[in-house]
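Residue numbers (the numbering used here), protein chains in the order written: chain G, 1236 to 2041; chain L, 6 to 100.
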């Protein structure tokens, strides 16, 4: 870590925040951003006085979340003295709310003010209405999708980039930590020279009312680990870091703050809001992260805890630390920063990772404010009230999110001895996986012994070959796996639902166990059906997959738009006390994947991605990275999109707003819904368990156009594509036809390869890229092609994945 | 509304608000424990049920141990709703 930047309620830079943090000051006070009078708690930790950029050419302006990110990322880049224009730099942004704060104002206008009429939220468009609504409503509605989860990354790319590779992800309150984890994988994979990574979340009414409805807030200033704790205080902020390989950093004269020595992400597969009470799941994550770093509990001196101040979290986390650290728990200092900066949700994992790194860097540990009477159930070595000097060789940070998404990061003093190199966790830590554990160990040994890199500690783990062993798609053409997808999605009658859009007729609920699926909303159910179907195909031959090593990545371009609007309408109409506690957790972008991990009982990393119309591709690439680097033995990955009158209404409204100069050529297609996923697995593990390998991921390219690029950068990105061995036996699979795809392909080595598209029979939505990957897998599984290129394009971004016959 | 009707209504509310798909409201026993029993409900359900009862009947469910007693069974919940209704002088629920 060569750079760090922070915006919190304590300060608008990392040093400013740290100084006040160490003094035990609290940035918690009455909410000023909106009326919080009727809530259980009216307190929050608001960021103040941070700069809102004027530059950057954002047509829709800067939402609060993106502006927070810009400040922190700019600081981190400045501290690292990183020139993003001369080096290959990646960007990973974690978060949960996107522009919800701004969207709430739009929804308030649309629903007739903050005191909307009682009753159900009216849909903002009805199917087939074109134009659907009055021009005045259209004008307001058109801005509603301006700030999806991916908008912070897009804004940073435009204002601080260009970045070579960009990822937006969400794993609820561990999002920021997972951004750093993904950045580390990119460096290990050699995808980039450096990564700007972090988390950002602005305060908004939706999360504020949601946590209050869950009675998870403390009406007063919160007190983590205290006997009288009653919950958390919400906060907002952003934390960004610059990560680069240590050898590169030293070569360019940069000064490392700390080494990101180890990491681990797992899923508890327990409950959508409550932590697994024994702490066993979190304990495994801590142990795995330490093992990866080549360190033991004896090396650890400080833990920056998740420490929300809720009765359940703090007791669980204390038990987890006691279990993972053994006797060392009586020595290791532990504190939570959340009583001072609030729970910054999607930012927390990155903000608090910086605190852990600073503890190592500055040899001092921040306190737990408000901790007067430590709870005997939280038997830790606390640092109450004010920070203090301490010898800190190694520090870790815990981040736990809704859906049981646990991530642990370990930081060490830079310049560790060569002997203390990073290594793969021994088998058993992942939960005793038969197949998985062996594969990880073999991978780790191979590299440790190989040691070819000039700086061995920079590249200790070699990427593993990734294969596809299962697929599932639920579309207008029905439910398919790899054995049937190409048949139903590329030939035969065109389903009416594919043309007219709207919800699928499929009885999705009937495909699931109704009792276990009762909390799953529609996106989660669509996701669960395709993930279960894909995993069933992966398990059709060979030994079963060990659920301990199976992760999930599910993308969604815009998240739960209509349910979020409905939640806000209810809040406007009925007031704070009647916000729905059960609905709230389903509004987090990672909710579908969280539900899927719980429903399927899988414990590998679980997270969501978002990347507009290439969301499915981003999820699959994310999963491939996790499998390649051994974070999971297998990952079921794809995307889910729910039919949405509001999203359709916005598209129509945007078309109505577009200039009548012919640049927007035709009104948007009727938007449908669907889900698709493939099972990505390490080849060695798949072979070891005797599974049928359907396809091998031969190449994966992701790119972003520079904002100023004429005609885009995809052309140069596609120059890296390996030509098909036999063009006649190859296929190009596109989600949808486009002039951009034609232009790129014409100049590529795949120009003469026959093309097929999925939209005709699957219907139009942003998860279509995942459908394209299922179809590509199916073409190979059915022997209809030997190589397949899946090319996914959306505004200013693209993915090219080459699948080959095994 | 008599007590029996109130209980029937509460059972319907439970099935609907807690997404107990396929569950016949009439199959919920009046005196069986709502939590820790056959319905497999948890603390998130308790919060949703408390909110729904407040929305439907204008009766607040307090937090903590008091709520535990009120949520002991459908009968206990119906008694609380009726008593709170009587206490504010409305009495329309049990008349």
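Ideal placement from N, C-alpha and C gives every residue a C-beta, glycine not left out.
Contacting residues, own chain, Cβ-Cβ under 8 Å from residue i (five flanking each side not counted)
{"i": "residue 1892 of chain G", "result": "1373, 1374 and 1377"}
{"i": "residue 1365 of chain G", "result": "Note that residue 1365 of chain G has pLDDT 49, beneath the 50 cutoff, so the model's placement of it is unreliable and no number is given."}
{"i": "residue 1239 of chain G", "result": "1249, 1310, 1311, 1314, 1474, 1475, 1476, 1477, 1492, 1589, 1592 and 1593"}
{"i": "residue 1815 of chain G", "result": "1448, 1802 and 1805"}
{"i": "residue 1336 of chain G", "result": "1268, 1298, 1299, 1300, 1437, 1438, 1439 and 1440"}
{"i": "residue 2055 of chain G", "result": "Any question about residue 2055 of chain G goes unanswered here, given that chain G covers just 1236 to 2041."}
{"i": "residue 2010 of chain G", "result": "1708, 1720, 1721, 1724, 1725, 1968, 1991 and 1993"}
Terminal residues of the beta strand (DSSP E) in which residue i lies
{"i": "residue 1539 of chain G", "result": "1537-1539"}
{"i": "residue 1633 of chain G", "result": "1629-1636"}
{"i": "residue 1789 of chain G", "result": "1785-1790"}
{"i": "residue 2034 of chain G", "result": "2032-2039"}
{"i": "residue 1642 of chain G", "result": "1640-1647"}
{"i": "residue 1808 of chain G", "result": "From DSSP, residue 1808 of chain G is part of no beta strand (DSSP E) but of the alpha helix (DSSP H) over 1796-1809."}
Exposure label - residue i; buried when at least 16 CB within 10 Å
{"i": "residue 1729 of chain G", "result": "exposed"}
{"i": "residue 1406 of chain G", "result": "buried"}
{"i": "residue 1551 of chain G", "result": "buried"}
{"i": "residue 12 of chain L", "result": "buried"}
{"i": "residue 1300 of chain G", "result": "buried"}
{"i": "residue 1671 of chain G", "result": "Summary for residue 1671 of chain G: the model assigns pLDDT 25, below 50, so the residue's position carries little reliability; its value from the coordinates is reported in the next sentence. Under this definition residue 1671 of chain G is a buried residue."}
{"i": "residue 31 of chain L", "result": "exposed"}
{"i": "residue 1640 of chain G", "result": "buried"}
{"i": "residue 1490 of chain G", "result": "exposed"}
{"i": "residue 1991 of chain G", "result": "buried"}
{"i": "residue 1236 of chain G", "result": "buried"}
{"i": "residue 1623 of chain G", "result": "exposed"}
{"i": "residue 17 of chain L", "result": "exposed"}
{"i": "residue 1651 of chain G", "result": "buried"}
Range covered by the alpha helix (DSSP H) that runs through residue i
{"i": "residue 1521 of chain G", "result": "1515-1527"}
{"i": "residue 1709 of chain G", "result": "Segment 1701-1710 is the beta strand (DSSP E) holding residue 1709 of chain G; no alpha helix (DSSP H) there."}
{"i": "residue 1421 of chain G", "result": "1410-1424"}
{"i": "residue 1852 of chain G", "result": "1850-1863"}
{"i": "residue 1443 of chain G", "result": "1440-1448"}
{"i": "residue 15 of chain L", "result": "8-22"}
{"i": "residue 172 of chain L", "result": "With chain L represented from 6 up to 100, any question about residue 172 of chain L goes unanswered, as that position is not in the structure."}
{"i": "residue 1936 of chain G", "result": "Unbroken run through residue 1936 of chain G is the beta strand (DSSP E), 1930-1939; no alpha helix (DSSP H)."}
Other residues of its chain near residue i: CB distance less than 6 Å, five sequence neighbours each side excluded
{"i": "residue 1689 of chain G", "result": "Any answer about residue 1689 of chain G is weak, because its pLDDT of 33 lies below 50 and its placement is not dependable; what the coordinates show is given next. Cβ within range, chain order: n/a, list empty."}
{"i": "residue 1687 of chain G", "result": "Confidence in residue 1687 of chain G is poor, its pLDDT being 33 and thus under 50, which makes the residue's placement unreliable; the coordinate value appears in the next sentence. There are no such residues."}
{"i": "residue 1823 of chain G", "result": "1331, 1407 and 1637"}
{"i": "residue 2013 of chain G", "result": "1717, 1720 and 1721"}
Spatial neighbours of residue i in its chain, beta-carbon cut-off 7 Å, leaving aside the 5 residues before and after
{"i": "residue 1903 of chain G", "result": "1886, 1887 and 1890"}
{"i": "residue 1811 of chain G", "result": "1273, 1274, 1444 and 1447"}
{"i": "residue 1533 of chain G", "result": "1563"}
{"i": "residue 1242 of chain G", "result": "1282, 1285, 1303, 1306, 1307, 1472 and 1473"}
{"i": "residue 2095 of chain G", "result": "In the structure as shown, chain G begins at 1236 and stops at 2041. Residue 2095 of chain G is therefore absent and cannot be evaluated."}
{"i": "residue 2030 of chain G", "result": "1847"}
{"i": "residue 1409 of chain G", "result": "1584, 1634, 1635, 1636, 1640, 1641 and 1642"}
Assumed close pair residue i, residue j - CB separation to whole angstroms, cut-off 8 Å
{"i": "residue 1764 of chain G", "j": "residue 1746 of chain G", "result": "5 Å"}
{"i": "residue 1543 of chain G", "j": "residue 1470 of chain G", "result": "Actually they do not touch by this definition, with Cβ atoms about 11 Å apart."}
{"i": "residue 1460 of chain G", "j": "residue 1613 of chain G", "result": "4 Å"}
{"i": "residue 1846 of chain G", "j": "residue 1385 of chain G", "result": "5 Å"}
{"i": "residue 2024 of chain G", "j": "residue 1988 of chain G", "result": "7 Å"}
{"i": "residue 1412 of chain G", "j": "residue 1642 of chain G", "result": "4 Å"}
{"i": "residue 1711 of chain G", "j": "residue 1907 of chain G", "result": "6 Å"}
{"i": "residue 1625 of chain G", "j": "residue 1537 of chain G", "result": "7 Å"}
{"i": "residue 1833 of chain G", "j": "residue 1558 of chain G", "result": "With a Cβ gap of about 22 Å, residue 1833 of chain G and residue 1558 of chain G do not count as contacting."}
{"i": "residue 1932 of chain G", "j": "residue 1702 of chain G", "result": "7 Å"}
(request) Would you list, in chain order, the members of the region 1447-1470 of chain G that have their beta-carbon closer than 8 Å to a beta-carbon of chain L? (result) Legend: CB atoms of the region 1447-1470 of chain G lying less than 8 Å from CB atoms of chain L belong to residues 1448, 1449 and 1450.
(request) Select from the region 1717-1750 of chain G all residues with a C-beta closer than 9 Å to any C-beta belonging to chain L, and list them in chain order. (result) Residues of the region 1717-1750 of chain G with a C-beta less than 9 Å from any C-beta of chain L: 1744, 1749 and 1750, listed in chain order.
(request) Pull out every residue of the region 22-34 of chain L whose Cβ sits closer than 8 Å to any Cβ of chain G, in chain order. (result) Residues 22, 23, 24, 25, 26 and 27.
(request) Taking only beta carbons into account, state which residues of the region 1506-1521 of chain G come closer than 8 Å to chain L, listed in chain order. (result) Taking 8 Å as the Cβ-Cβ cut-off against chain L, the residues of the region 1506-1521 of chain G that qualify are 1506, 1507, 1508 and 1509.
(request) Taking a Cβ distance cut-off of 9 Å, strictly less, list which residues of the region 1816-1827 of chain G are near chain L, in chain order. (result) Here the close residues are 1816, 1817, 1818 and 1820.
(message) Can you pull out the residues from the region 2000-2028 of chain G whose beta carbon lies closer than 8 Å to at least one beta carbon of chain L?
(response) Listed in chain order, the positions of the region 2000-2028 of chain G with a beta carbon within less than 8 Å of a beta carbon of chain L would be empty, since no residue qualifies.
(request) Give, in chain order, every residue of the region 1790-1806 of chain G whose Cβ lies closer than 7 Å to some Cβ of chain L. (result) If the cut-off is 7 Å between Cβ atoms, the region 1790-1806 of chain G has nothing near chain L.
(request) Check each residue of the region 48-75 of chain L: if its Cβ is closer than 7 Å to any Cβ of chain G, include it; give the result in chain order. (result) Taking 7 Å as the Cβ-Cβ cut-off against chain G, the residues of the region 48-75 of chain L that qualify are 48, 49, 52, 53, 56, 59, 60 and 68.
(request) Could you run through the region 1417-1437 of chain G and flag, in chain order, every residue whose CB is less than 8 Å away from some CB of chain L? (result) Nothing from the region 1417-1437 of chain G brings a Cβ to less than 8 Å from some Cβ of chain L.
(message) For the region 1757-1787 of chain G, list every residue whose C-beta sits within 8 Å of some C-beta in chain L, in sequence order.
(response) The residues in question: there are none.
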